[in-house]
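K.L.:
If you use this note's numbering, the sequence shown corresponds to residues 22 to 69, in order. First the structure, which I've put down as C-alpha coordinates, then a few questions once you've had a look.
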Amino acid sequence: MKKNISCPCGERITGQDEDDLVAKTQQHLKENHPGHDYSRDEILFMAY
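Written out as C-alpha coordinates, the structure is:
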(Lines of atoms letter the chains of each structure in order from A; the text may use other names.)
(Lines give C-alpha, C1' and ligand atoms only; values in the text may rest on other atoms or scores of the structure.)
Protein backbone atom coordinates (compact mmCIF):
# COMPACT_ATOMS: atom_id res chain seq x y z
CA MET A 22 0.00 0.00 0.00
CA LYS A 23 1.32 3.41 -0.96
CA LYS A 24 1.30 5.98 1.84
CA ASN A 25 3.82 8.65 0.76
CA ILE A 26 4.17 11.18 -2.00
CA SER A 27 6.65 13.96 -2.68
CA CYS A 28 5.41 17.19 -4.22
CA PRO A 29 7.80 18.92 -6.65
CA CYS A 30 7.71 21.92 -4.26
CA GLY A 31 9.61 19.80 -1.73
CA GLU A 32 6.67 18.95 0.54
CA ARG A 33 6.47 15.30 1.61
CA ILE A 34 2.95 14.07 2.35
CA THR A 35 2.23 10.93 4.36
CA GLY A 36 -1.19 9.33 4.79
CA GLN A 37 -2.56 6.66 7.11
CA ASP A 38 -3.69 4.75 4.02
CA GLU A 39 -4.23 5.39 0.32
CA ASP A 40 -7.55 7.22 0.86
CA ASP A 41 -5.98 9.51 3.47
CA LEU A 42 -2.95 10.14 1.24
CA VAL A 43 -5.17 11.10 -1.72
CA ALA A 44 -7.24 13.45 0.46
CA LYS A 45 -4.15 15.12 1.98
CA THR A 46 -2.49 15.46 -1.43
CA GLN A 47 -5.59 17.00 -3.01
CA GLN A 48 -5.85 19.43 -0.07
CA HIS A 49 -2.16 20.38 -0.41
CA LEU A 50 -2.61 21.01 -4.14
CA LYS A 51 -5.73 23.10 -3.57
CA GLU A 52 -4.01 25.26 -0.93
CA ASN A 53 -0.56 25.56 -2.51
CA HIS A 54 -0.88 24.87 -6.22
CA PRO A 55 -4.30 26.05 -7.48
CA GLY A 56 -5.11 24.68 -10.90
CA HIS A 57 -3.05 21.53 -10.43
CA ASP A 58 -5.76 18.95 -9.87
CA TYR A 59 -4.94 15.27 -10.08
CA SER A 60 -7.23 12.26 -9.91
CA ARG A 61 -6.91 9.50 -7.32
CA ASP A 62 -5.29 7.22 -9.91
CA GLU A 63 -2.76 9.88 -10.92
CA ILE A 64 -1.85 10.56 -7.29
CA LEU A 65 -1.43 6.88 -6.46
CA PHE A 66 0.69 6.40 -9.60
CA MET A 67 3.14 9.00 -8.26
CA ALA A 68 2.97 7.76 -4.66
CA TYR A 69 5.28 5.24 -3.02
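Think of the CB as a built atom: it goes at the ideal place given N, C-alpha and C, for glycine as much as any other residue.
Am I right that residue 34 and residue 45 are in contact with their C-beta atoms under 8 Å? What's the rounded C-beta distance?
P.N.:
With 8 Å as the limit, residue 34 and residue 45 qualify as a contact, their Cβ atoms being about 5 Å apart.
K.L.:
Please return the same chain residues whose Cβ sits closer than 8 Å to the Cβ of residue 38, not counting the five positions on each side in sequence.
P.N.:
Result list for residue 38: 22 and 24, in chain order.
K.L.:
If you draw a straight line from the alpha carbon of residue 47 to that of residue 58, how long is it in whole angstroms?
P.N.:
Distance between the alpha carbons of residue 47 and residue 58: 7 Å.
K.L.:
Rounded to whole angstroms, what is the Cα-Cα separation between residue 68 and residue 54?
P.N.:
Answer to the nearest angstrom: the Cα atoms are 18 Å apart.
K.L.:
In chain order, which continuous runs of the beta strand (DSSP E) of length 3 or greater are located wholly inside the segment 22-68?
P.N.:
You should have 25-27 and 33-35.
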